[in-house]
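The sequence shown maps to residues 103 to 279 in our numbering. To start, the structure itself, in structure tokens.
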Amino acid sequence: MTDLDFYAHVATRGDVLGAGISDPPEAWEAALGSDCLDDVSHGLMRRDYGLVELSFEEADGAWSCFGISVRIHRLSTGDASMVPPPLRNAYGSFAPRVRSDELSAVLTRLGHSIEPDDNATTTDVRRYRVAETGTRIFVVADPDPYGYGGPDPDAPGPRAGDVRSLSLSPSWWRSEN
Numbered sequence: 103m104t105d106l107d108f109y110a111h112v113a114t115r116g117d118v119l120g121a122g123i124s125d126p127p128e129a130w131e132a133a134l135g136s137d138c139l140d141d142v143s144h145g146l147m148r149r150d151y152g153l154v155e156l157s158f159e160e161a162d163g164a165w166s167c168f169g170i171s172v173r174i175h176r177l178s179t180g181d182a183s184m185v186p187p188p189l190r191n192a193y194g195s196f197a198p199r200v201r202s203d204e205l206s207a208v209l210t211r212l213g214h215s216i217e218p219d220d221n222a223t224t225t226d227v228r229r230y231r232v233a234e235t236g237t238r239i240f241v242v243a244d245p246d247p248y249g250y251g252g253p254d255p256d257a258p259g260p261r262a263g264d265v266r267s268l269s270l271s272p273s274w275w276r277s278e279n
């Protein structure tokens, strides 16, 4: 399997190595390991594995995942440590960038449709939605939104058409579906 297979699986199935929405932190640790950063505040927790970032909420003493983000932009420097070892073991190496047309082609072959989901709050990132799952795909539209000069073609960093991130959170998107 490849990194594109991983991204397509998250976008269409909503889980990472079997852990998904509503699972407790222990299920995520079983899937991705314990090498992560937990940021806890006021009944919310952000768990950061590098490529994968999770959101949890506490209710009645139990933690439950309510958001999964895959932060592909963090790979642009080529730092393989951003990918948790269980993901590298399952999917092999991860490229420093993913083109939106490549991911869209895989999702379409799997029978899913991608539709624009722009909310017009920004012009540097375009948002798309996998219709069947609600997963949002954020794509770089303008890698230089502040006009500092075009990107160095030899330097890491975003390019127009790169997938910046995937985000799945039924509770976040419910009002927009």
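Positions of the beta carbon are idealized from the N, C-alpha and C atoms, including for glycine. A quick note: this is a predicted structure, and the numbers were derived from the prediction, not measured.
TODO: Would you check if the segment 210-223 and the segment 140-149 touch, i.e. whether three or more CB-CB distances between them fall below 8 Å?
DONE: no
Open item on the list: Taking DSSP's pairing of strands, which residues face ALA164 in a bridge?
Closed with: For the purposes of this step, residue 164 is identified with residue 62 of the sequence shown, where counting begins at 1. Answer is ALA161.
- [ ] Provide the residue span of the beta strand (DSSP E) that contains ARG149, from first to last.
- [x] Here residue 149 corresponds to residue number 47 of the sequence shown, with the count starting at 1. First-last of the beta strand (DSSP E) with ARG149: 146-150.
Open item on the list: Using CA atoms only, rank isn't needed, just tell me which of LEU268, PRO126, LEU119 and ASP107 is closest to GLY163.
Closed with: Here residue 163 is taken as the residue at index 61 of the sequence shown, counted from 1. Of LEU268, PRO126, LEU119 and ASP107, the residue nearest in Cα terms is PRO126.
TODO: Might you give, ordered along the chain, the residues of its own chain that have their beta carbon closer than 6 Å to the beta carbon of GLY122, omitting 5 neighbours on each side?
DONE: As a first step, residue 122 must be located in the sequence shown, where it is residue number 20. Only GLY116 meet the Cβ criterion.
Open item on the list: Once the 5 residues before and after GLY263 are set aside, which same chain residues still bring their CB inside 6 Å of it?
Closed with: By one-based count along the sequence shown, residue 263 stands at place 161. Correct list, in chain order: ARG201 and SER202.
Task: Cβ-based neighbour list, ASP107, same chain, cut-off 8 Å, excluding 5 preceding and 5 following - done: Along the sequence shown, one-based indexing puts residue 107 at 5. Counting only Cβ-Cβ distances below 8 Å, and skipping sequence neighbours, we find TYR193 and VAL208.
Open item on the list: Quick check on DSSP: helix, strand or coil for ALA110?
Closed with: Taking the sequence shown and counting its residues from 1, one reaches residue 110 at position 8. It is helical.
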